[in-house]
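Just so you know, the protein sequences line up as chains S and B, in that order.
Per the working numbering, the very first residue in the first sequence carries number 1; after that it's consecutive.
Per the working numbering, the very first residue in the second sequence carries number 1; after that it's consecutive.
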Amino acid sequence: MHRYFKPVLFVACLVPVARLAWLGFHGGLGANPIEFITHSTGDWTLIFLLVTLLVTPLRKLTRQYWLISFRRMLGLFAFFYGFLHLMTYVWLDKFFDVHEMLHDIAKRRFITMGMTAFTLMLPLALTSTKWAIRKLGRRWQALHRLIYCSAAAGVIHYIWLVKADLKKPLEYAAVLGMLLMYRVVAWLVARRGSPNTVKGAAPQLTVP
Amino acid sequence: MAGAGAAIGLGLKRTISPSTTALAANKIDGIKKSSFSTSETITPAKDVTHYNNYYEFSTEKTEPAELAKNFRTRPWKVKIDGLVEKKQELDIDSILKMAPPEERIYRHRCVEGWSIVVPWIGFSLSELIKRANPTSKAKYVEFTTLFDLNQMPGQRRQVLDWPYVEGLRMDEAMNPLALLCFGMYGEDLPNQDGAPLRIVLPWKYGFKSAKAIVRIRFVEKEPMNSWKLSAPNEYGFYANVNPNVDHPRWSQAKERRLGEFLKRPTLMFNGYGDQVASLYSGMDLKKNY
């Protein structure tokens with residue numbers, strides 16, 4: 001099972017972008033294709049961030065510890081879709097007009113927040129290699145907790161962007177809330193469960 | 001990435017032809033041409049009927065087409081009240097006979113930064129207002145959209161404070177550009193575009209152009225409008241298209257005409273300054289956004 005699972009998952013993760021390409025070739029992106037692409041890539045970025053954050057709770061609760069081996073790939077796909085999302089803005093919305101983009105980032109808080117979310121993903125993607133993990137040691141885990149901030153910034157970016165209907169962004173917020181709550185609870189339980197644990201020697205939680 | 005890029009190019013290269021009978025609705029006879037019409041390329045009917053900001057049905061633009069399919073536009077009455085000589089309830093069919101139908105090909109600019117060119121059918125709103133006989137005290141007109149939870153599923157959620165209301169100053173409403181609209185592309189107005197009766201105000205952002213109107217009320221004070229009520233720092237009463245006044249969350253300097261790849265600059269009053277600029281002389285349009 002394990003041998004084929006990874007390549008299958010890899011291909012599955014490419015389905016959203018393949019769908020966009022297919023719809024594009026068949027005139028299926030609707031009346032405003034660029035808006036469609038922007039929304040779709042934004043949605044998938046958030047979904048991949050949340051799925052990445054789901055790996056740890058899922059493997060703990062189901063005791064399927066091998067699930068950890070997919071977390072990096074899922075996280076990198078979050079980055080991949082985040083990059084596509086950013087590129088639709090940079091290229092298709094602003095046409096590489098740096099001045100206009102800087103103005104946007106400074107003035108419009110939902111853009112500021114979106115840029116923050118992406119920027120926070122950047123060091124995580126760059127340090128996702130085996131070499132970097134080895135090199136950074138304990139600090140790697142601390143660094144990769146940034147994914148919590150990135151996901152939160154991504155959800156806030158969405159909340160601040162919508163005109164009136166907060167349903168979808170709040171659904172993402174609710175899922176993110178549950179995933180973060182799991183960590184708080186797990187941390188509290190681990191702390192109570194092992195009274196000998198001294199401060200600093202954190203309980204062995206695989207985070208993020 | 002390269003594949004996606006190519007796809008985007010192709011996605012935009014769909015054949016664009018001025019569509020005349022794409023709605024499969026009732027054809028309107030005796031349509032006159034109008035000197036207010038633009039000669040710009042008309043947006044395909046399919047886009048104008050499948051990309052609708054019509055929150056009474058859904059906040060997803062693609063959904064009103066399907067959700068409004070069985071919307072009942074007959075019988076339909078429009079209540080005329082407030083500061084008028086005689087309050088009355090007009091039947092939609094008697095309204096449609098007030099003046100000969102004209103085709104007005106207008107640019108339509110959404111506050112969200114996209115635009116379309118639509119061959120609307122109707123006649124000047126002033127035709128109805130004259131017959132409504134407002135008193136000299138009437139300084140504003142308020143338009144109310146139908147509230148019907150059974151027919152308009154979007155109203156079950158308090159996304160906006162229902163029913164939808166919009167308003168105009170009397171001189172704006174009497175301006176010949178202000179259109180009382182009941183058709184487009186040579187046919188009856190599709191349900192998802194505001195049937196059976198809406199207004200079209202081409203120099204203002206789209207949200208000012210109320211759909212499915214059931215009440216027209218004449219008042220002395222500036223009426224509240226739904227989007228202003230929802231977010232007063234983002235949407236004002238006037239909502240004139242203005243490239244120099246940004247929406248707090250996005251620039252209004254440019255717009256994307258549906259079907260085009262590059263953005264085009266947004267024009268002051270959406271290019272209708274010759275007809276309407278005088279209405280606002282002496283007003284600070286940054287304050288009165």
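Built from N, CA and C at the ideal position, the CB exists for glycine as well.
Under 7 Å (Cβ pairs) to chain S, residues found in the region 224-249 of chain B
Taking 7 Å as the Cβ-Cβ cut-off against chain S, the residues of the region 224-249 of chain B that qualify are Ser-230, Arg-249.
Within this structure, are the beta carbons of Trp-227 (chain B) and Arg-108 (chain S) separated by less than 8 Å?
Position 227 of the second sequence, counted from the start, is the residue given in the question as residue 227 (chain B). Position 108 of the first sequence, counted from the start, is the residue given in the question as residue 108 (chain S). Contact: no.
Would you tell me roughly how many angstroms separate the C-alpha atoms of Thr-21 (chain B) and Pro-119 (chain B), rounded to the nearest one?
Here residue 21 (chain B) refers to the residue found at position 21 when the second sequence is read from its first residue. Here residue 119 (chain B) refers to the residue found at position 119 when the second sequence is read from its first residue. Any reading at Thr-21 (chain B) needs caution, since the residue's pLDDT is 49, under 50, leaving its predicted position unreliable; the model's value is listed next. Rounded to the nearest angstrom, the two C-alpha atoms are 12 Å apart.
Taking the beta strand (DSSP E) that Pro-196 (chain B) belongs to, which residues open and close that run?
The count along the second sequence starts at 1 and reaches residue 196 (chain B) at position 196. Looking at the DSSP string, Pro-196 (chain B) is not in any beta strand (DSSP E), and its letter there is neither H nor E.
Let's test the definition: count the other Cβ atoms within 10 Å of the Cβ of Thr-62 (chain S) and tell me whether it reaches 16, buried, or not, exposed.
Within the first sequence, residue 62 (chain S) is the residue found at index 62, counting from 1. Exposed: under 16 other Cβ atoms inside 10 Å.
Any C-beta of chain S under 8 Å from that of Tyr-205 (chain B)
For the purposes of this step, residue 205 (chain B) is taken as residue 205 along the second sequence, with counting starting at 1. Output row for Tyr-205 (chain B): interface = no.
Could you list the residues in the region 103-134 of chain S with a C-beta less than 9 Å from some C-beta on chain B, going in chain order?
Taking 9 Å as the Cβ-Cβ cut-off, the region 103-134 of chain S approaches chain B at His-103, Asp-104, Lys-107, Arg-108, Arg-109, Phe-110, Ile-111, given in chain order.
Where Thr-21 (chain B) falls: helix, strand or coil (DSSP)
The sequence position of residue 21 (chain B) within the second sequence is 21, counting from 1. Bear in mind that the predicted position of Thr-21 (chain B) carries a pLDDT of just 49, short of 50, making it too unreliable to give a figure here.
From Pro-248 (chain B) to Ser-58 (chain B), what distance separates their C-alpha atoms?
As a working mapping, residue 248 (chain B) is identified with position 248 in the second sequence. As a working mapping, residue 58 (chain B) is identified with position 58 in the second sequence. Straight through space, the alpha carbons of Ser-58 (chain B) and Pro-248 (chain B) are spaced by roughly 24 Å.
Who are the Cβ neighbours of Ala-99 (chain B) in its own chain at under 6 Å, not counting the five residues just before and after it?
Your numbering for residue 99 (chain B) matches position 99 in the second sequence. Excluding residues within five positions, the ones whose Cβ falls inside 6 Å are Phe-123, Glu-127.
Contact the region 160-168 of chain S vs the region 123-135 of chain S: 3+ CB pairs below 8 Å:
No: fewer than three Cβ pairs fall under 8 Å.
Can you give, in chain order, each stretch of the beta strand (DSSP E) that sits fully within the region 33-91 of chain B and has at least 3 residues?
Counting only runs of 3 or more, we get 77-82, 88-91.
Would you say Ala-202 (chain S) faces chain B, with C-beta separation under 8 Å as the test?
On the first sequence, position 202 is the one that residue 202 (chain S) refers to. Interpretation of Ala-202 (chain S) is limited by its pLDDT of 47, a score under 50 that renders its predicted location unreliable; no figure is taken from the coordinates.
How far does the beta strand (DSSP E) with Val-118 (chain B) in it reach, from first residue to last?
One-based indexing of the second sequence puts residue 118 (chain B) at position 118. 114-124 is the extent of the beta strand (DSSP E) around Val-118 (chain B).
Please classify Glu-56 (chain B) as buried or exposed, where buried requires at least 16 neighbouring CB atoms within 10 angstroms.
Numbered from 1 along the second sequence, position 56 holds the residue referred to as residue 56 (chain B). If you draw a 10 Å sphere on the C-beta of Glu-56 (chain B), you find 16 or more other C-beta atoms in it, and that means buried.
For the region 255-285 of chain B, enumerate the residues whose C-beta is nearer than 9 Å to any C-beta of chain S, in chain order.
Here the close residues are Arg-256, Leu-258, Gly-259, Phe-261, Leu-262, Lys-263.
Please classify Asp-93 (chain S): is it buried, with 16 or more other beta-carbons within 10 angstroms of its beta-carbon, or exposed?
Position 93 of the first sequence, counting from 1, holds the residue named residue 93 (chain S). By the neighbour-count rule (16 or more Cβ atoms within 10 Å), Asp-93 (chain S) is buried.
Considering only their Cβ atoms, is the gap separating Tyr-140 (chain B) from Val-219 (chain B) smaller than 8 Å?
The residue given as residue 219 (chain B) occupies position 219 in the second sequence. The residue given as residue 140 (chain B) occupies position 140 in the second sequence. Going by C-beta atoms, Val-219 (chain B) is nearer than 8 Å to Tyr-140 (chain B).
Going along chain S in order, which residues have a C-beta closer than 7 Å to the C-beta of Asp-148 (chain B)?
Walking along the second sequence from the start, residue 148 (chain B) turns up at place 148. Near Asp-148 (chain B) there are no residues of chain S at all, since even the closest Cβ is about 20 Å away, more than 7 Å.
How about Trp-162 (chain B): is its C-beta nearer than 8 Å to some C-beta of chain S?
Here residue 162 (chain B) is taken as the residue at index 162 of the second sequence, counted from 1. Not closer than 8 Å to any Cβ of chain S, the Cβ of Trp-162 (chain B) fails to qualify, so no.
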